[in-house]
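Peer 1:
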Amino acid sequence: MKRILMTSALATTLTAGSLAATTTISDVEVDVDLDAIKTYEAAKAWSELPTDLAAALVLRLNDRIDEDGMTVKIDIDEVALAISFESATGQAESSLAGRVQLLHGDDTGIEGKKYKTYDLSETAEQVVAFYPDGFDTKYVAVDSDEYYAAVVSAFADNVASQFE
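Heads up, the sequence shown is in the numbering used here, so the first residue is 570 and it goes up one at a time.
The following block contains the structure:
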């Protein structure tokens with residue numbers, strides 16, 4: 570399995586901020602319905618995505634962790650993942666897309682309030698800066714370790730930038 574980061578219990582008790590310098594995070598939740606992806610290759614290549622994306626975000630926001638902070642919820646678009654694999658091994662049509670919600674409270678009762686919701690998509694062209702130095706992107710496939718690490722890093726950086 571692809572693992573770009575070792576995860577810990579911290580992924581479920583995290584905190585962050587940018588919106589304002591004092592904004593903190595108490596939790597990061599990443600949801601991907603891998604059963605919705607109809608190809609074995611796609612499900613196999615992206616099976617660790619929820620854990621890896623949450624860990625990447627925690628790593629970027631570790632100085633903003635506080636039990637009273639906001640919750641970051643990310644719902645990855647399974648259709649975008651499936652389409653990436655259906656377009657062969659090339660990356661031209663590939664993307665990691667999802668809805669990001671920043672919530673105050675637990676969002677289960679009256680106190681849970683949405684602070685911000687937005688859709689985010691990282692395409693193959695946008696993740697080039699996240700490949701290792703000197704890496705030839707000409708023939709990289711969407712199921713490669715390099716593409717996976719780059720797209721997870723780009724997505725996490727974009728979400729974390731909301732807290733700067």
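Each residue gets a CB set at the ideal place from its N, CA and C atoms; glycine is no exception.
DSSP on T706, reduced to helix/strand/coil?
Peer 2: Residue 706 sits at position 137 when you count from the first residue of the sequence shown. Note: T706 maps to helix in three-state DSSP.
Peer 1: Please name the residue, chosen from F724, I643, Y717, that lies closest to K685 on a Cα-to-Cα basis.
Peer 2: Within the sequence shown, residue 685 is the residue found at index 116, counting from 1. Among F724, I643, Y717, the Cα nearest to that of K685 is on I643.
Peer 1: By Cβ distance below 8 Å, which residues in the same chain neighbour T692 in space, the five residues on each side in sequence not counted?
Peer 2: Locating residue 692 in the sequence shown gives position 123, counting from the first residue. If we look at T692 and ignore the five residues flanking it on each side, its Cβ neighbours are S663, S664.
Peer 1: Do A612 and L622 have their C-beta atoms within less than 9 Å of each other?
Peer 2: If you number the sequence shown from 1, residue 612 lands on position 43. If you number the sequence shown from 1, residue 622 lands on position 53. The answer is no: Cβ separation not under 9 Å.
Peer 1: My understanding is that I594 touches L618, with C-beta atoms under 8 Å, so please give their C-beta distance in whole angstroms.
Peer 2: As a first step, residue 594 must be located in the sequence shown, where it is residue number 25. As a first step, residue 618 must be located in the sequence shown, where it is residue number 49. I594 to L618, Cβ: 19 Å. No contact.
Peer 1: Could you please give me the residues that DSSP links to A666 through a beta bridge?
Peer 2: For the purposes of this step, residue 666 is taken as the residue at position 97 of the sequence shown. Per DSSP, S690.
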